[in-house]
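According to UniProt numbering, the stretch in the sequence shown is residues 1 to 534, in order.
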Amino acid sequence: MITDQIKVVIVDDEPRIRQGLERLIKKFRPNWHICGVFSDGDEAFREIHEKIGAFDLIFTDVQMPVINGLELISLLKEKGYNFYSIIISGYDDFKYVQTALREGAIDYILKPIDRENFESHLQKAEELIVTDKKNKRLIEEAEEIQTKLTYEKQIQLLSDTTAVENMDVSYLDWTRDFPDGKYNLLYIGIDNAFSRNGFENKDEWKKWDVTIKESIRKSFIKERNWIWKNNQYSYWVLIYNGEEAKIEQSCLSLKTTIQRTTPFTASIVLGQSFVDLSMLVDVKNELREAMKYRMIQGGNKLFKTESLKHLTYNKIMDVPPAVYKWAEQTVEAMKYEEQNVLTAINSFFDELKKMTSPFLLQESVRYLCIRVINQWIQDDGISELPTLLSEAFSITDEPASFSVLRQEMINWIMKIRKMREYYRKNTIDPIVKAKEWIHSNLGENITIKRIADHVHLNPTYFCEYFKNQTGETVLDYVTNARIQKAKQLLAATEMKIYDIAVHVGYQDAKYFSRLFKQWTGLLPSQYREKRGSF
């Protein structure tokens, strides 16, 4: 079954032959399209090249003025046209037949044309053309699949590479899967879209995500590119051999498109071109640092790393004293009412708003986070809280705006305050919990750290707290518990003294015996005899 229309060209200097061929083709193959009928090779060549373009089959006479049929076939093939040809001739000469076959002709029909056999010539041509088209489609489909697979592999390589901070040179072999040339990296971040808690309607965000990715694709459709996500609300675009002026214009158009077609705005960072793809990680880090300027300058802007190079990183020692002051006020306010905390942290951010360096602003917020966590550890003796600190630091990585940063840090501070209150009200007495654990593990290797970890306290704090609450050291309590257990075993079992020593955590029986006498005034064997044991 023919799925594509076959396009036919007829060339003959005899009007009667041209008209006859046209009538026969329409009769036997009404679904074919005759796209041109010409009286000589010169006219045919010009019209095909200037107007008709690609076609499938040509019927041409051999002997014609200016350009004959065989010359026409040869000229068209030189121009890159891919077609089949059937020669129409009044000469039954082997030389013509041989030349025609050499030029790729699939048939040679003698004049006058035999109408009865003409249909078989069409059938032969049709089968060749249909098979050729089918094979061509299969090849194109295979190439398309291969192209998609290659692209997906490249996207995965780029995604893996931009997900790490540093990559060992031994892993840079992945760059061989990309063409040599010039590259530009873009970083696109959605402004003020969502809080860190995520978008309330996940399905709705998926719809906008698709819209944004399609806008990105269309904006850079003229350049070869790779598009992948950095996180839920930001995207990377790598452009190959693009003109920087056109890329910049496309970025500006993309910003407008996102603002017009979605409820959001976007900030875009455009990096300088580079030719060594192994530099991608460094370029990525540079773009992510540049994105922090939207905290200072606001969103819905195009930032160029080249124009930001004059802005230097201010050391943490350059933090204004007022920032330190309100950071400490915030830490102190955590002990009091919620309003005290809000007042202090808002004053802290009022000072930050005066800063012109996003790096200094980030370090100041991180300083506050560290102080809040350290104060909790100091006040309540709990062990370190790397998860909470990591969560706080992630808030400062790429906030969509200064106002978003302020609100998310307020939320984080209030979360810590509630956790502290809950911990103090609901935590089981750590002394009771520690004693239970000690008695359950007398035969194990007991260390201060293991006990402290079990009750989620800092080891140093735990030792001090235990002594203050019980009047004895942890070591004395553990030793006493072990001696009491040994006394029970000596009095109520036939276990050997060595086995009892091991059972209560002492591998050296002699040391156990000396320690037992220090605490009871008797050796283990004497204690057993005195108690009238076995």
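For each residue, glycine too, the CB sits at the ideal point set by N, CA and C.
A quick note: this is a predicted structure, and the numbers were derived from the prediction, not measured.
So for residue i, helix, strand or coil by DSSP?
i: Asp42; result: helix
i: Gly521; result: coil
i: Thr175; result: helix
i: Tyr183; result: strand
i: Gly20; result: helix
i: Phe512; result: helix
i: Asp499; result: helix
i: Asn314; result: In this prediction, Asn314 scores a pLDDT of 42, lower than 50, which makes its location untrustworthy; the coordinate-derived value is nonetheless stated afterwards. If DSSP states are grouped into helix, strand and coil, Asn314 belongs with coil.
i: Val331; result: helix
i: Trp226; result: strand
i: Gly69; result: helix
i: Asp56; result: coil
i: Thr162; result: helix
i: Asn231; result: strand
i: Thr265; result: strand
i: Lys7; result: strand
i: Lys206; result: helix
i: Tyr108; result: strand
i: Asp276; result: coil
i: Asp61; result: strand
i: Tyr81; result: coil
i: Lys530; result: helix
i: Ile190; result: strand
i: Val37; result: strand
i: Val237; result: strand
By alpha-carbon positions, which one of the options ends up nearest to residue i?
i: Thr60; options: Asp107, Pro15, Val11 and Ala481; result: Val11
i: residue 557; options: Gln146, Val9, Ile129 and His33; result: Residue 557 lies beyond the stretch modelled for the chain, which goes from 1 to 534, so this question has no answer here.
i: Asn231; options: Pro399, Ala491 and Gly471; result: Pro399
i: Arg366; options: Ile216, Asp209, Glu391 and Val502; result: Glu391
i: Ile67; options: Gly299, Lys77 and Phe45; result: Phe45
i: Tyr183; options: Gln488, Asn241 and Gln507; result: Asn241
i: Ser364; options: Lys325, Gly181 and Glu337; result: Lys325
i: Ile58; options: Asp209, Lys51 and Gly69; result: Gly69
i: Thr470; options: Glu43, Lys435 and Ser215; result: Lys435
i: Lys26; options: Phe118, Asp13, Leu252 and Glu223; result: Phe118
i: Gln339; options: Leu515, Leu252, Ile410 and Leu24; result: Ile410
i: residue 535; options: Asp132, Ser403, Phe220 and Asn225; result: This structure cannot settle anything about residue 535, because the visible part of the chain is limited to 1 through 534.
i: Val62; options: Ile296, Gln259 and Asp42; result: Asp42
i: Gln375; options: Ile413, Phe402 and Pro358; result: Ile413
i: Leu157; options: Ile227, Lys353 and Tyr506; result: Ile227
i: Val341; options: Gln123, Lys354 and Ala327; result: Ala327
i: residue 560; options: Met334, Lys517 and Leu368; result: The structure shown does not extend to residue 560, since the chain spans only 1 to 534, so no value can be given for it.
i: Ala322; options: Asn346, Glu337 and Phe303; result: Asn346
Rounded to whole angstroms, how far is the Cβ of residue i from the Cβ of residue j, which I believe are closer than 8 Å?
i: Leu186; j: Ile268; result: 6 Å
i: Phe83; j: Asp56; result: 6 Å
i: Gly90; j: Lys111; result: 4 Å
i: Leu405; j: Ile395; result: 7 Å
i: Lys530; j: Leu522; result: 7 Å
i: Val478; j: Cys463; result: In fact, because the Cβ distance is near 12 Å, the residues do not count as touching under 8 Å.
i: Ala486; j: Ile438; result: Their Cβ separation, rounded to whole angstroms, is 15 Å, which puts Ala486 and Ile438 out of contact at 8 Å.
i: Ala266; j: Ile188; result: 6 Å
i: Glu286; j: Gly271; result: 6 Å
i: Val281; j: Thr161; result: 6 Å
Taking only beta-carbon positions, decide if residue i is within less than 8 Å of chain E.
i: Ile268; result: In the structure shown, chain E does not exist; there is a single protein chain.
Identify the continuous beta strand (DSSP E) that holds residue i and give its terminal residues.
i: Trp32; result: That residue, Trp32, is in no beta strand (DSSP E); it is neither H nor E in DSSP.
i: Ile113; result: It is not in any beta strand (DSSP E) - Ile113 carries neither H nor E in the DSSP assignment.
i: Phe303; result: Leu302 to Lys304
i: Tyr84; result: Tyr84 to Ser89
Assign residue i to one of two classes, buried (16 or more other C-beta atoms within 10 Å of its C-beta) or exposed (fewer than that).
i: Thr312; result: For Thr312, the predicted model reports a pLDDT of 45, less than 50, meaning its position is unreliable; a value from the coordinates is still stated below. Counting Cβ neighbours within 10 Å, Thr312 comes out exposed, since fewer than 16 surround it.
i: Val504; result: buried
i: Ile316; result: Unreliable positioning characterises Ile316 in this predicted model, as indicated by a pLDDT of 44, which lies under 50. A coordinate reading is not provided.
i: Asn458; result: buried
i: Lys496; result: exposed
i: residue 540; result: The first residue shown for the chain is 1 and the last is 534, placing residue 540 beyond what the model contains.
i: Arg528; result: buried
i: Thr131; result: exposed
i: Val164; result: exposed
i: Thr330; result: buried
i: Tyr422; result: exposed
i: Pro358; result: buried
i: Tyr465; result: buried
Over what stretch of residues does the alpha helix (DSSP H) that includes residue i continue unbroken?
i: Ile483; result: Val474 to Ala492
i: Ile431; result: Pro430 to Ser440
i: Ala400; result: Where Ala400 is concerned, there is no enclosing alpha helix (DSSP H), given that its DSSP letter is neither H nor E.
i: Met295; result: Arg294 to Gln297
i: Glu338; result: Glu338 to Leu352
i: Ile451; result: Ile448 to His454
i: Thr460; result: Pro459 to Thr470
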